[in-house]
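There are 2 protein chains.
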Amino acid sequence: MGYRHAVGKSERNMTQAPNDKAARLIDVARRAEVSRATAARALGGYGLVTEATRERVLAAAAELNYRVNELARSMRSGRSLTIGVVVADISNSFFNSAIRAIIETASRAGYQILVLNTDDDIEKERNAVRVLIEKRVDGLIVVPASQHEIEHLLVQSEPEVPVVLLDRRVDSDEIDFVTTDDRVAAGAAIRHFAAAGHVRIGLLVATASVEGHCLAMPEQVVSTVRDRVEGATAALAELGLAVNPEWTRYCHSSVETARAAMAEILASPEPPTAILATNEEMALGALAAAQEFAVGIGEALSIIAFDEAPWTGVFRPPLSVIRRPVAKLGAAAAELLLKKIEDSSYRSSQVLQAELIARRSVEAPAL
Amino acid sequence: MGYRHAVGKSERNMTQAPNDKAARLIDVARRAEVSRATAARALGGYGLVTEATRERVLAAAAELNYRVNELARSMRSGRSLTIGVVVADISNSFFNSAIRAIIETASRAGYQILVLNTDDDIEKERNAVRVLIEKRVDGLIVVPASQHEIEHLLVQSEPEVPVVLLDRRVDSDEIDFVTTDDRVAAGAAIRHFAAAGHVRIGLLVATASVEGHCLAMPEQVVSTVRDRVEGATAALAELGLAVNPEWTRYCHSSVETARAAMAEILASPEPPTAILATNEEMALGALAAAQEFAVGIGEALSIIAFDEAPWTGVFRPPLSVIRRPVAKLGAAAAELLLKKIEDSSYRSSQVLQAELIARRSVEAPAL
DNA sequence: CTGAAAGCGCTTACAG
DNA sequence: CTGAAAGCGCTTACAG
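Residue numbers (the numbering used here), protein chains in the order written: chain V, 1 to 367; chain F, 1001 to 1367.
Set out below in structure tokens:
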């Protein structure tokens, strides 16, 4: 028994990778008859290797179908070349366009993206950050679910993993962010309504902190929601226009909830003649309710929506929208994060400007 | 100098993690005064540890803010708990809904998702697969850009990394897939048109293998495109309906291209009275052109679109659509992949059924 | 119940 | 220009 075992061992060809396992650096090195260090240099394209040696190594690697083990490389080098993206909802068209830009920007720099979804649940967000830190991502891009509960973004690890917030700010000067100026954008929308002659203006506000819909703004809202509501309210005040709480609803972000909320608004004794919808779902819900009540868009009801969904220009009448530079937002977040990865002391935040695209869903109110 | 250096060294407290680096297992073990093996058992919740030891270790880990290094764990255990997803376009609403389902299904099983975008470019796809293999993903979900160029999906590595195709099939029995039956779905759409009395039926077909738009089907198309065209063509033949090449266009997948193509179709001497649009962009382009030509939807032109984009039900008239079970598709792909990761001999493919949602965009043709 | 040791597959000084 | 050796931070047999 012992003898047979020994024979088997000595017969094993040690210059070839076992064919049931992935080839390793040492298999390539043996086949090319060099050391692992030399093989690594030839494959990695750094350090000094003679042309003949390099060719021998590359040939051996090709023959063995060698793939470097990035896990091992990352562990040794201390860089995983991976970025974590923690987002509220990847199926939201705004966020996934941003993610697309992040993937493109990061991959150009050699980084891959781990994407996690939170559904704006702070507990899922904490968990997502923990998992990503454990996977040793080189940096994090987060759409934070809460403006206040941010400890997990501040003290996640030593040495610090750089974090960039996307789309939303939080209550801390310690974390860089890339956002749009939604306060100004909401104000511009209100002014656009007012310029067309509207005096009764309402809001359909999407927020994750509400089941169904309600009249008062929830305590906890993310910065974009607060910015849009405050921007609109401030503009209304400046214009001397009345603010009737009956004209506004805070809704769980779904078309059906928005439709129900808008139906309530339209059924009220003195409904608004203009509605600012804070996202695609709110806009679609408003449109659906308006159809139910036979309220013509751009006639009895004017509407402006945040974010330029692809259908808004084809809808009849075409919808006036606030176009946020979503690709630029994602690219800027990725670029900022890459700089912070290079230079841990690098600090910068950006606020991009949105643009009001006036189309025919806003006209003078019927009198 | 040498003396001071030595002193500095001896003064260093070796029972604590250096405060400029992440705590390691050995730091936790030292603080808890146990071996690394015991610390690992306590933290990992496996093997035998006394309650007292466990508590000491967990306390030490908490004090040091210890995070396991998944890179090291993966290298040792041979499992990265990571799945690679290679998709044509993450900002496409169909694919990102599928990705959402994949993320949810996989994360419930403890897996994270690396997402890469190919824009249907086969070279980018090869590169994506290579990178993911190098990162040692435990499995791959791929939306293949080509039906034929698939070597990179077959012989990518030893031991084999399990692969599941999403949405599209390829020319190989070796790779499992999860798709929808688009042949049947397209046939159902044609029959629905015919039942309403249409005899001139055209197609607006999105395909990445074309710049602008053209009349003939390109040589290289992905399986969904071929299935939809063949399903429609077969149904037309069975119904004895004419097929006029002027009624159909193959388009780069953008609203503007589809609009231009549809404008050409509508300007032809005897335009079709019904159009099957193979995705959201095609549908929006068709609607835009119809508006330009003052062709009423559900009147002079009937339309059915693949995939139930959120706006289709709110549009006037509401659009008839082919609803594909996208969340189910993503979840099924993830579940299948997880099974294949557990059991490398597991083989299975699924074809899910789509559903025609008849709404008011299809009516009898004006005579 | 606990610990010493080997090893996952690389890269990085260091020596020659 | 090349190689021997150490070490990244874990887990897994194995021994006690």
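All residues carry an ideal CB built from backbone N, CA and C; glycine is no exception.
Out of curiosity, what's the CA-to-CA distance linking residue i and residue j?
i	j	result
residue 1197 (chain F)	residue 1302 (chain F)	11 Å
residue 1289 (chain F)	residue 1263 (chain F)	5 Å
residue 1237 (chain F)	residue 1195 (chain F)	15 Å
residue 1203 (chain F)	residue 241 (chain V)	51 Å
residue 1247 (chain F)	residue 1181 (chain F)	24 Å
residue 1077 (chain F)	residue 145 (chain V)	34 Å
residue 330 (chain V)	residue 354 (chain V)	14 Å
residue 1266 (chain F)	residue 1272 (chain F)	8 Å
residue 365 (chain V)	residue 294 (chain V)	15 Å
residue 1216 (chain F)	residue 1283 (chain F)	19 Å
residue 130 (chain V)	residue 1149 (chain F)	39 Å
residue 223 (chain V)	residue 168 (chain V)	6 Å
residue 278 (chain V)	residue 269 (chain V)	24 Å
residue 1143 (chain F)	residue 1128 (chain F)	12 Å
residue 1287 (chain F)	residue 166 (chain V)	34 Å
residue 1159 (chain F)	residue 1344 (chain F)	10 Å
residue 1212 (chain F)	residue 1205 (chain F)	12 Å
residue 225 (chain V)	residue 132 (chain V)	27 Å
residue 1296 (chain F)	residue 1176 (chain F)	44 Å
CB-CB under 8 Å to residue i, same chain, minus the five flanking residues each way: which ones, in chain order?
i	result
residue 1139 (chain F)	1083, 1084, 1161, 1162, 1163, 1164, 1337, 1338, 1340, 1341
residue 1028 (chain F)	1039, 1043, 1057, 1060, 1061, 1064, 1066
residue 105 (chain V)	330, 331, 334, 335, 338
residue 352 (chain V)	178, 179, 180, 181, 324, 325, 328, 329, 332
residue 191 (chain V)	235, 239
residue 1359 (chain F)	1312, 1313, 1317, 1318, 1319, 1320, 1321
residue 1193 (chain F)	1201, 1274, 1276, 1302, 1304, 1362
residue 147 (chain V)	168, 169, 170, 171, 220, 221, 222, 223, 226
Excluding five sequence neighbours on each side, which residues of the same chain lie with their C-beta closer than 6 Å to the C-beta of residue i?
i	result
residue 1016 (chain F)	With a pLDDT of only 40 at residue 1016 (chain F), under the threshold of 50, the placement of this residue in the model should not be trusted; the figure read from the coordinates follows. Around residue 1016 (chain F): no qualifying Cβ.
residue 1350 (chain F)	1178, 1332
residue 321 (chain V)	305, 308, 312, 357
residue 186 (chain V)	228, 231, 232
residue 199 (chain V)	241
residue 14 (chain V)	At residue 14 (chain V) the pLDDT is 38, less than 50, meaning the model places this residue with poor confidence; the figure from the coordinates comes in the next sentence. No residues qualify anywhere along the chain.
residue 126 (chain V)	152
residue 1214 (chain F)	1250
residue 1103 (chain F)	1113
residue 101 (chain V)	327, 330, 331
Go ahead and label residue i buried or exposed: buried means 16 or more other beta carbons lie within 10 angstroms of its beta carbon, across all protein chains shown.
i	result
residue 361 (chain V)	buried
residue 1004 (chain F)	Unreliable placement is indicated for residue 1004 (chain F), whose pLDDT of 30 sits below 50; the coordinate value is still reported in the next sentence. So residue 1004 (chain F) ends up on the exposed side.
residue 1275 (chain F)	buried
residue 26 (chain V)	exposed
residue 46 (chain V)	exposed
residue 1245 (chain F)	exposed
residue 107 (chain V)	buried
residue 74 (chain V)	buried
residue 1298 (chain F)	buried
residue 1050 (chain F)	exposed
residue 285 (chain V)	buried
residue 1153 (chain F)	buried
residue 1363 (chain F)	buried
residue 70 (chain V)	buried
residue 370 (chain V)	What is shown of chain V runs 1 to 367, which leaves residue 370 (chain V) out entirely.
residue 80 (chain V)	buried
residue 1173 (chain F)	exposed
residue 1048 (chain F)	exposed
Once you ignore the five residues that flank residue i on each side, which residues in its own chain have a CB closer than 7 Å to its CB?
i	result
residue 209 (chain V)	218, 220, 221
residue 254 (chain V)	281
residue 1346 (chain F)	1339, 1340
residue 1053 (chain F)	1034, 1038, 1042
residue 292 (chain V)	263
residue 32 (chain V)	39, 56, 57, 60
residue 36 (chain V)	25, 26, 29
residue 1243 (chain F)	1233, 1236
With a cut-off of 8 Å on the beta carbons, I'd call residue i and residue j a contact; round off their distance for me.
i	j	result
residue 1061 (chain F)	residue 1043 (chain F)	6 Å
residue 1135 (chain F)	residue 112 (chain V)	7 Å
residue 1115 (chain F)	residue 1087 (chain F)	7 Å
Contact between the segment 1086–1097 of chain F and the segment 86–94 of chain V: three or more CB pairs below 8 Å? Under the Cβ criterion (8 Å, minimum of three pairs), the segment 1086–1097 of chain F counts as touching the segment 86–94 of chain V.
Would you say the segment 1306–1322 of chain F touches the segment 1120–1134 of chain F, given that touching needs at least three Cβ pairs under 8 Å? no
With contact counted as at least three CB pairs below 8 Å, one residue from each stretch, are the segment 223–238 of chain V and the segment 252–260 of chain V in contact? Counting Cβ pairs under 8 Å, fewer than three are found: no touch.
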